[in-house]
Structure formats: C-alpha cells, structure tokens
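Report on the structure given below.
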Amino acid sequence: MEKMTEEQVRTIANMLRKRSLWMIHYCTGCGAMELPPTMTSRYDMERFGMSPYVTPRQCDILLVTGYLNVKTLRRLITVYEQMLDPKYVIGFGSCTLNGGVYWDSYAVIKRLDRYIPVDVYIAGCMPRPEAVMSAFKHLMELIDSGKANGYKLYKKNLAYYKENQRKVLG
Amino acid sequence: MMDIVNQIKELDNVKVTVQRENRIFVDVDKDRVIGTLYSLKLMGFHQLSVQNAVDWIKEGEFEVFYVLYSHQYKVNVIVRTRVDRDNPIMETAEKIYPSAHTWEREITEMFGIKFKGNDESGKPFILENWKEIPPLRKDFDSVKYCNEHFVFRHSEEGNE
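Line order of the protein sequences matches chains A and B.
Numbered per the numbering used here, the first sequence spans residues 20 to 189.
Numbered per the numbering used here, the second sequence spans residues 20 to 179.
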C-alpha cells in the first residue's frame, strides 16, 4: 500500500474533526440563555454532532456567549490556553463584535479578536438558536476546507495578543 | 401600618415621609444614622435588603441609604443620610447588620466613601487594577476611559 502524503492525512483528519465537535460550556453573558433550547429537544444540536462538555482539556469549541468584562476576560484566556489543539472560537452576539449596548462601559472589552483569535462571529442581540447552528455549520465548512486556523494564528502572533491582553489586564 | 409610622416618628431628630403604602422614608443626620438603625432593628426591622449610595454632584454630597424590611409588619423603611463629597467618611453599620460589611466594601470601591470600623472597607472587591477615580461618581467620564483603554471596531473593518 502506498504511503499517504501529509496533505491527505490533514484532509482526512479535518473531515473527521468536523463531525465531532465538543463545546465547552463556559457561559459569560446573557447569551447563555440561548443555549438550553439549542442543546435540548427543541433544536437538538447533537444531531449535527455537537455536544456540550465540562472541562476545557477535552473540548474543541469555545463559545463566548455575550459581553466580556475585564474580569471575565482573564478567566476566558485561561480557559482558552488550557484547551488542546485544534481549538476554535465562536464569538456570539454583538457584544463580542463591538461592545454592543455596553459600548461606553468602563468594564466591558469592545473587540474579542484583539485578545484571542476568533474563527466565526454571530451578529445580533440576541442571535436565535438557528443562528447558532448556522454558525456551527459554517465552522464545519471552514474546518473541512482547512480555513479555521485561529489556534495557529494565536501561536504565530502570540506577542501581539499578549501585548493587547497585558494592556487591559495589567 | 400607622402604628409603626408613629413609633418611628417618636425617634430623635428624624424626618419621616410616607411615600406610599409599605414605603417609609426616614431622613437622618450622618451622626445619628447608626443609632436610628439600632432603634429600628429593635422595632423589628431585622433585614438589611440593600445599602447603596447616590452621587448628588451639584449639591456636593453623597446620599447613603439603607433599605430595611420587617417581616412582622411587611413594611420597607428606607433610612437616608447625606455625606460631604469632599470628605466622605461614615460610621460602619456592620455591628448592627452584618451583611452591611460587604455592601460597604462595594460602596467604598464604587463611590470612594470610607467606613470607619469596617476593616475591609477599601480592600479590592470587584474591579481589578483600578487606577482612576471610583467609577460610579458622576465626574467619572466613561467614554473617555473607553477611548483610552479599549479599541473600537469601525464598521468597515474586518476580523484581525
């Protein structure tokens, strides 16, 4: 039998990865309210191959649900760094995009992608469960085509992300 | 309910306003607030629901209020007092209502009002590495702070 090339191995690995996505159940803001219907019988995301799990070490997806204040960001970065590669980040709601209704708050950070790399954003306040699942579907396509490279960017541009983190966290 | 209003009116140096049923405001001086709280606790107001402050910047004063509740009379009593804005120091209420200990830590952090007798007043509570003036004071400019510390996204920009 011929030996497979590295490219072929990666293609097969990506195809398998996208079929089994485990999401860490770490809820930061009000967006966590949309997850119970998404996970349970009403929308049932498990039929797409996704399920929530408790520890960061065994998860692939970090779903940032809603606003992040400076205090939560410190914990979020800890959780993100505990996760093993490959890992993907989904920014949920307008708060992670531009601060949302908390645009003038002294405590809430405005752009998540300055602190950790984000693969998919969901706009809206609040995004409905359909939007969450559409984002997951989009993420699966990105993984399949090898474009979801957030975790590689974090390693490559670590100095940039750390500098931004240090600026707000001190 | 009128019994309890009459009982409160008998206290020294208080101004009682009945705003509506079950809501009585009691205005006292800063020096007498602890004594008033103690008398109210003896009357049956065993619960301190909320303690917080309001910044009246034009009058140069902070208002500190205590919301008390009596399970016996089903009445809320709100004890209000004013503190000078330039020298905000008060007596602690933690000896009477132990839950005031945590409320006072929050007020110290958010308004900068010091509480004598509360040894944790001034210890960091919610904010991390805060170097500006307390954030709930009216002269704190939140938008200016955001512009200095955070980067906004403009609509044309994409993901970094």
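Using N, Cα and C, we set each Cβ at its ideal position, and we do this for glycine too.
Residues of chain B whose Cβ lies closer than 8 Å to the Cβ of I128 of chain A are, in chain order, F169. Neighbourhood of R172 of chain B in chain A, by CB distance below 7 Å: L116, N117, K129, R130, in chain order. At least one CB of chain B lies nearer than 8 Å to the CB of Y125 of chain A. In the structure shown, L146 of chain B falls within a coil segment according to DSSP collapsed to helix, strand and coil. For M58 of chain A, the three-state secondary structure derived from DSSP is helix. Membership of G54 of chain B in the alpha helix (DSSP H) is indicated by the continuous run 52-62. Closest by C-alpha distance to E53 of chain A, out of A:K166, A:M159, A:C144, is A:C144.
Between A119 of chain B and L87 of chain B a beta carbon distance of about 11 Å is seen, past the 8 Å cut, so the two are scored as non-contacting. Look at S70 of chain A here: in three-state DSSP terms it is strand.
Taking 8 Å as the cut-off, the Cβ atoms of V89 of chain A and I128 of chain A count as close.
Listed in chain order, the non-local C-beta contacts of K157 of chain B below 7 Å within the same chain comprise D74, I76, local neighbours out to five positions each way being set aside. G189 of chain A reaches chain B at E147, N148, counting residues in chain order whose Cβ is nearer than 8 Å. Taking the CA atoms as reference points, G112 of chain A sits about 6 Å from G85 of chain A. When DSSP assignments are scanned along the stretch 106-138 of chain B, the uninterrupted stretches of alpha helix (DSSP H) that are 4 or more residues long and fall wholly within it turn out to be 119-130.
Taking the beta carbon of V162 of chain B as reference, the chain A residues within 7 Å of it are D123, listed in sequence order. Excluding five sequence positions before and after G50 of chain A, the CB atoms of its chain that fall closer than 7 Å to its own CB belong to T84, G85, F111, G112, M145, given in chain order. Within 9 Å of the CB of P154 of chain B, the CB atoms of chain A belong to Y125, A126, in sequence order along the chain.
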